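Notes to accompany the following structure.
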Amino acid sequence: MLKKTFAAVATLGLSISIFGGSAYAQTQSYTQSKLESAQYEKELKEYNAKEEVQLASNIQDSSLKEIKAEKKELMDQVENLSDDEFNRFLYNIAKDNSDTIKEKQKKLDLLDVEFRQEEKRPISTMAITNPTKIWIGVYDGKRGGQDFYHIGVAWQNKEVEKNPATLDVVSIEWDPKYGKFYTASSTGDGITTKRDGSNRDKGIYLFNVNDSKKKFDSYATVQVTRKKAGWLEYGAKYTHTYSTKSKSTTGQAGINFNKGGSSGGYSYSVTKTTNISSWPRYDENAVNIKPF
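For reference, each letter of the sequence shown is one residue, going -25 to -1, 1 to 267 in mature numbering (1 follows the signal peptide of the UniProt record, and there is no 0).
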């Protein structure tokens, strides 16, 4: 009888150990999720507190009449932004904004800012399957009194890539006959980094994109000065890479530069790699550069 009782107790103890371990793992996962959520909320709060982000939000929330009433103050705020801050300001105007493109242009015209944007184009990915979860678009802006144009590409994903491979690649491309490279800017938060500017005189600059991160600044920018009057065509090519196996891979994707890009300069392609697939998406626009 004692042996049977002991066996029963031992079995019960084993069951408690198994389920206790499972509960511990679930608790750990829940705790980690809460910590990540709290960190995200903290970073979001800090991001939304940036002057240029608040300025873009204020313009979006204001009517034309209200902007006219505060025109002097708002113009001073735009003028006092650094180039990097102005890049982030333009990105926040271009991304999730309830205004139509024409409404954005009318508001920014009042503040002596030229602005053009193409409609957002949805992207469908292997792991991010819902096209509404990610989009790409190009835009440009220029402040009064400045000689260079800010050409930007923005993308926004509301999911993190589940099968990340090598870093994604995004280019900004322009017609070098009309625009001369001035400088390039990445977001500096680890999601977008400068990759290759060796062919900037041929109208292309490359950036790496870490799509395994969900951050706020999903954009890249180049600034170009005018060479001559006419239509400066520009565009951006985003190449998404993903792993065809369950195991993720890392590192940079191999690239080749190609002549005859759609904007009049160079473009690029990603080289094939075992167990890694990719697809490109392209968007383009143009700005009419006025004579000197």
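Note that the Cβ used here is the ideal one computed from N, Cα and C, for glycine as well. All values reported here derive from a predicted model rather than from experimental measurement.
Beta strand (DSSP E) segment containing residue i, residue limits
| i | result |
| --- | --- |
| residue 33 | Counting along the chain, residue 33 falls outside any beta strand (DSSP E), though it belongs to the alpha helix (DSSP H) covering 26 to 36. |
| residue 181 | 179 to 184 |
| residue 90 | 88 to 92 |
| residue 167 | 167 to 171 |
| residue 204 | No beta strand (DSSP E) holds residue 204; DSSP gives it neither H nor E. |
Range of the contiguous alpha helix (DSSP H) that encloses residue i
| i | result |
| --- | --- |
| residue 79 | 76 to 85 |
| residue 41 | 39 to 44 |
| residue 64 | 58 to 69 |
Own chain residues within Cβ distance below 7 Å of residue i, not counting five before or after
| i | result |
| --- | --- |
| residue 65 | 114, 116, 125 and 127 |
| residue 50 | 86 and 87 |
| residue 75 | none |
Close beta carbons around residue i, own chain, < 6 Å, minus the five adjacent residues each side
| i | result |
| --- | --- |
| residue 183 | 142, 168 and 170 |
| residue 105 | Only weak support exists for where residue 105 lies, its pLDDT of 43 falling under 50; the value from the coordinates is given anyway. Nothing meets the Cβ criterion. |
| residue 222 | With a pLDDT of only 43 at residue 222, under the threshold of 50, the placement of this residue in the model should not be trusted; the figure read from the coordinates follows. Excluding residues within five positions, none has a Cβ falling inside 6 Å. |
| residue 122 | 200 |
| residue 14 | none |
| residue 202 | 153 and 155 |
| residue 80 | 90 |
| residue 52 | 30 |
| residue 180 | 147, 159, 172 and 197 |
| residue 225 | Note that residue 225 has pLDDT 44, beneath the 50 cutoff, so the model's placement of it is unreliable and no number is given. |
Counterpart residues of residue i in DSSP-defined beta bridges
| i | result |
| --- | --- |
| residue 131 | 110 |
| residue 53 | Beta-bridge pairing links residue 53 to no other residue. |
| residue 143 | 184 |
| residue 115 | 91 and 126 |
| residue 156 | 199 |
| residue 22 | Bridge partners of residue 22: none, in fact. |
| residue 194 | 129 |
Cutoff 8 Å; reference residue i; Cβ partners in own chain excluding five residues on either side
| i | result |
| --- | --- |
| residue 73 | 35 |
| residue 19 | 191 |
| residue 160 | 58, 59, 62, 195, 196, 197 and 198 |
| residue 28 | 22, 63, 64 and 67 |
| residue 71 | 131 |
| residue -23 | Because residue -23 carries a pLDDT of 44, less than 50, the predicted location of this residue cannot be relied on, and the following value inherits that uncertainty. So no residue of the chain qualifies. |
contact_flag[the stretch 34 to 50, the stretch 67 to 85] where n(CB pairs < 8 Å) is 3 or more: Three or more beta-carbon pairs drawn from the stretch 34 to 50 and the stretch 67 to 85 are found closer than 8 Å, and the two stretches are therefore classed as touching.
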